Structures are given as C-alpha cells and as structure tokens.
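Enquirer:
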Amino acid sequence: MQGATNFLYLNLIVPEWTWPFFIVSILLLLYIFYRIVRIREKKIKDFNATRVELEKLRAENYKDLLEREQINNFFSTSLLLKYDVDEILWDVTKNLISKLDFEDCLIYLWNEDKTRMVQRAGFGLKDSKELMMRFPYDLALGEGIVGTVAQTGIPLIVPDTRKDSRYLPEGYSGLSEICVPIKYEDEILGVIDSEHSQLGFFNQSHLQMMNTIAALMAAKIKSIEADQELRRQKAEIDNISKQLTELQLAALRSQMNPHFIFNALNSIKKFVLSNDAENADVYLSKFSKLIRLILNTTREAKISLEKEIEMLTLYLELEKLRFGAKLNYHIHVDSLLLERNISIPTMIIQPFIENAILHGIMHKDGEGEIEISIFDFDNHLEIEVKDNGVGRKAAAMLNLDKNRPHNSFGIEVTQARLAALKPDMETPSGIVIEDIEENGAAAGTLVKIFIPQ
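Residue 382 in the UniProt record's numbering sits at position 382 of the sequence shown, with consecutive numbering throughout.
#1: For Asn328, write down the residues that DSSP places opposite it in a beta bridge.
#2: Quick check on DSSP: helix, strand or coil for Thr77?
#3: Going by other Cβ atoms of all chains shown within 10 Å of its Cβ, with 16 needed for buried, is Ala280 buried or exposed?
#4: So, is residue 466 buried or exposed, given that buried needs 16 or more other C-beta atoms within 10 angstroms?
#5: Which partner residues does Gln415 have in the DSSP bridge list?
#6: Touch check for the segment 218-236 and the segment 145-162: three-plus C-beta pairs under 8 Å?
#7: Return the chain-ordered list of same chain residues with a C-beta closer than 6 Å to the C-beta of Met311, the five sequence neighbours on each side being excluded.
#8: For His196, write down the residues that DSSP places opposite it in a beta bridge.
#9: State the DSSP-derived secondary structure class of His363, mapped to helix, strand or coil.
#10: Secondary structure at Arg120, three-state DSSP: helix, strand or coil?
#11: What is the DSSP secondary structure of Lys82, reduced to helix, strand or coil?
#12: Return helix, strand or coil for Gly147, following the three-state DSSP convention.
#13: Give the secondary structure of Phe377 by DSSP, where H, G and I count as helix, E and B as strand, and everything else as coil.
#14: In this structure, how does DSSP classify Phe202 when only helix, strand and coil are distinguished?
#15: DSSP three-state label for Val333, please.
#16: Just how far apart, CA to CA, sit Glu437 and His359?
#17: Below 8 Å on the Cβ atoms is my guess for Lys222 versus Tyr167; work out the distance and round it to an integer in Å.
#18: So what's Asp401 in DSSP terms, helix, strand or just coil?
#19: Check the C-beta distance from Leu385 over to Ile349 and give it rounded, since I have them as a contact under 8 Å.
#20: What are the boundary residues of the beta strand (DSSP E) that includes Ala277?
#21: What's the C-alpha gap between Leu265 and Met425?
#22: If you run the structure through DSSP and keep just helix, strand and coil, what is Phe262?
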C-alpha cells in the first residue's frame, strides 16, 4: 500500500566473553593509572631528593666559602700588624698548619742575586727554625716542585708525589704536595710549599686559600720593602743634609779665603801709606759691606740672584781697586731675570772669579778681562765665568797653582751643593771647565755652572 512505513528489527546476541573483556580493560586502565601515579611520585621524590642534595651542596659550599673568608680575614688581620718580613713568614707557616690542618709548611724567598730559592721559614714535621738556621736549604730555578713553581709562576697540586719525578724527598717525605707562588703583579717573590702524609689530601679549596694568602703576603712584603727603601732614602737624605751643612761651612771657609782678607788689609794699608785717603775709605767701605753681606747669608742655603750679583760686584770692585787697569770685568744679566726673584746657592760663583784672578789674570802680561754671563733656560740657569788669563796649563807649568788642594776642594763643595739641587737625571747640574785657545795657544779659561731651577 502506498505511504506505508517499513521497520527493520535487529536482534544482537552478545557473546559470552564480552564481560570479561570489559573487566580486563578496566583493570588495565587502573594499572596504567597506578603506574603513572607511581612514576609521578618517584619523579617528585627524585626531584625532592635532588633538591635536598643541591641544598646540602649549597650549604657545604657556603660553609666552605665562609671558612675561607674567615681564614682569609684571619691572615689579613694577622699580617696587618707585622712590619718584618721574617716575622710574616714564620707567622704564616705556623697559622697555615693550625688553620688548614696541614702537617708541614715551608716558605722560600730569593737569595740576594735572585738565582736560587732559599728556605726562610718552616713549621711542622719537616723542619724547625733551629735546624733551618743551621742548615739552610736552597733550590735552583726549575729544580724540584718548588723550583718549577718559582720558574713558571703557576701553582701546583701533586696528589701522589711517588708518581711525580720532580719531587725531591728530604727527611720527611709526604705523599701529596701543594705549592703556590708568592707573586706581586708579574714578579715572583717566593714560594709557599706544603706536604701531607695522606694521598690526594690537597684540593682546589686549599689552592684558592693559599693563593689568596700568598697574594696578601706579596702585597705586605712589597709594602715593607717600600717602607724600608723610604727609610733608607730618608737616612741618605739626612746624611746628605748633614754633609751639606759641613760642606756649607767648608764653603764659607772657602769663600772667606784668608788670602783675600790678607790682600784686602794690605790694600787698605797701601792706600793709607800713600796718603790716598779717598781710595782707602772707598775700599774699606766696600770691604765692610761685602763681609757684612757674606756673614748675613751664611745660614741661608739660597739667596736671590740679585743679591748674589750685588756681592759679586762688590768683590770685583775691591779687586779692581787693588789691581787697577790690569783688571776689567763685565756682568751680563737680563734685567727681566732679576725681576723674577730667582734663587741660587749662596756665593757659588765667587770662588771661580777669585780663581780666575789669582791664577789667570794676575800672571798675564797686559790687561785682564773677566766676563760673567747668566743665561736662563726652561729648567736651569747657566752661568759662565770667562777670563783671558794664562790658562790652567800655563799655571801648572809655572807652579803658580799653589792653592790647588784648596781650589779642588772648593770645586767639590760646589759640585756637591749643585748635586743636591738636581731633581732628575734630565736636568743639567754641575760644573764644566774648558780651556780657551787661540791659534793653538792658551787664551784663558771658561767655567760653566749649571744650576737646576
């Protein structure tokens, strides 16, 4: 019939094994879930265990770091109050053993010519202070483990000394060894060495601490050496100052040459006897003024250039009165130089003028000329004293240089006074004496005085 609905009926028959399959599947799923849970628990447990280990490791590292800091602080404080190198060395050897449980510790420093390492301190089983003082032990560069570290500057840990051919047994023989250089910047000052009866005793922590202690020692040793050098230089300066005082007194005696005093009095006497009261009065006035100026400046290491020229002018005027037309002189100095208030050593030029007159011009036929010139440079003054006398060779041949020891000492005095003013190697300082010749014959002497400014 059109429009009728048709139905299909299915009758499913469930096999008998279906229910066991469901049960097994459920059990399998439960087992898988159980395993997942167990694996997760294990991972959590392992993670926690790892975390605990890491925390323990961090704690141990922190403890190790704290111990190192405490030890480093101890040595820093201990070295701070030490001012003697040997005291430092013995203190470090003793404290390294007590603080780090070492059995033995030795410290080597260079000998005087820096060719060998010499034991300077030791503590523990291997050496004693008395034994070391009686039988000092030393090593060449590159000899043994100590010599190797001294040569390379690289620290060493030897876990088994029996397997290291560089090891040099001496009395007590350790099975392990640590050796670090005492180094300041790139300079090797010495070596710290320690041995132990236990194999593999020394570790990186020991190495770090010993490197730090060695660095502290190096800085302290250098500081002590610098202080000692400073004290040495100060003592040398004090000694030079003392010598300068003595030299200045000697220079004063040189300045107040008895011949000059004697000749001055004779000149006054001559003027009086010849009824030349005017010249006698002038001479006496100038002589008194010069002596007064000299006495007023004897305690001064330096005077102004202007005052020095005033004294030289007085001296030359007196000699001019004495020798008359036989002596002429000229002083050349820039007026601007005088305005700068430059100071020079007291009466440092006069001895050379006196020498030029007495041993050059006095024995010359005809008129004598003395020319004094002062030149200003960046770091020094140059003073020239030039005469046209007979020259040094002629004076020696004529046996005229009777005051040679006096003159030689006067030059030494002046050299020493100038050397004390020298600030550095580059600045000119001292005296140069040159013979002047014309056509192969002596024509005078030129003295150059270099005064540092």
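Note that the Cβ used here is the ideal one computed from N, Cα and C, for glycine as well. The model shown is predicted, which means the values in this text are computed figures rather than measured ones.
Expert: Inspection of the coordinates gives the following:
#1: For this step, residue 328 is matched to residue 328 along the sequence shown. Per DSSP, Glu369.
#2: As a working note, residue 77 is residue 77 in the sequence shown. Note: Thr77 maps to helix in three-state DSSP.
#3: In the sequence shown, counting from the first residue as 1, residue 280 sits at position 280. Classification for Ala280: buried.
#4: As displayed, the chain neither begins before 1 nor continues past 453, which places residue 466 out of reach and without an answer.
#5: As a working note, residue 415 is residue 415 in the sequence shown. Bridge partners of Gln415: none, in fact.
#6: no
#7: Locating residue 311 in the sequence shown gives position 311, where the first residue counts as 1. Once the five neighbours on either side are set aside, the close Cβ partners of Met311 are Leu293.
#8: The residue you call residue 196 lines up with position 196 of the sequence shown. Note: His196 sits in a beta bridge opposite Ser176.
#9: The count along the sequence shown starts at 1 and reaches residue 363 at position 363. Here His363 sits in coil by DSSP.
#10: On the sequence shown, position 120 is the one that residue 120 refers to. Reduced to three states, the DSSP call for Arg120 is strand.
#11: Within the sequence shown, the letter at position 82 stands for residue 82. Looking at Lys82 - three-state DSSP - the assignment turns out to be coil, as it is neither helix nor strand.
#12: Counting from 1 along the sequence shown, the entry for residue 147 is found at position 147. Correct three-state label for Gly147: helix.
#13: Locating residue 377 in the sequence shown gives position 377, counting from the first residue. In the structure shown, Phe377 sits in coil (DSSP, three-state: anything other than H, G, I, E or B).
#14: On the sequence shown, residue 202 is found 202 positions in, with the first residue counted as 1. Residue state, collapsed to three classes: coil.
#15: Here residue 333 refers to the residue found at position 333 of the sequence shown. DSSP places Val333 in coil when its eight states are reduced to three.
#16: In the sequence shown, residue 437 corresponds to position 437, counting from 1. In the sequence shown, residue 359 corresponds to position 359, counting from 1. Distance between the alpha carbons of Glu437 and His359: 17 Å.
#17: For the purposes of this step, residue 222 is identified with residue 222 of the sequence shown, where counting begins at 1. For the purposes of this step, residue 167 is identified with residue 167 of the sequence shown, where counting begins at 1. Incorrect: roughly 31 Å between the Cβ atoms, too far for contact.
#18: One-based indexing of the sequence shown puts residue 401 at position 401. For Asp401, the pLDDT reaches just 47, beneath the cut-off of 50, and the residue's location in the model is therefore unreliable, although a value from the coordinates is still provided. Three-state DSSP puts Asp401 in coil, outside helix and strand.
#19: Walking along the sequence shown from the start, residue 385 turns up at place 385. Walking along the sequence shown from the start, residue 349 turns up at place 349. In the sequence under discussion, the amino acid at residue 385 is Val, which differs from the Leu named in the question. Their Cβ separation, rounded to whole angstroms, is 7 Å, which keeps Val385 and Ile349 in contact under 8 Å.
#20: What you label residue 277 is simply residue 277 of the sequence shown in a count that begins at 1. Element bounds for Ala277: not the beta strand (DSSP E) but the alpha helix (DSSP H), Ala277 to Thr297.
#21: As a first step, residue 265 is located in the sequence shown; it is residue number 265 there, counting from the start. As a first step, residue 425 is located in the sequence shown; it is residue number 425 there, counting from the start. Spanning the two alpha carbons is a distance of roughly 45 Å.
#22: Taking the first residue of the sequence shown as 1, we reach residue 262 at position 262. The three-state secondary structure of Phe262, taken from DSSP, is helix.
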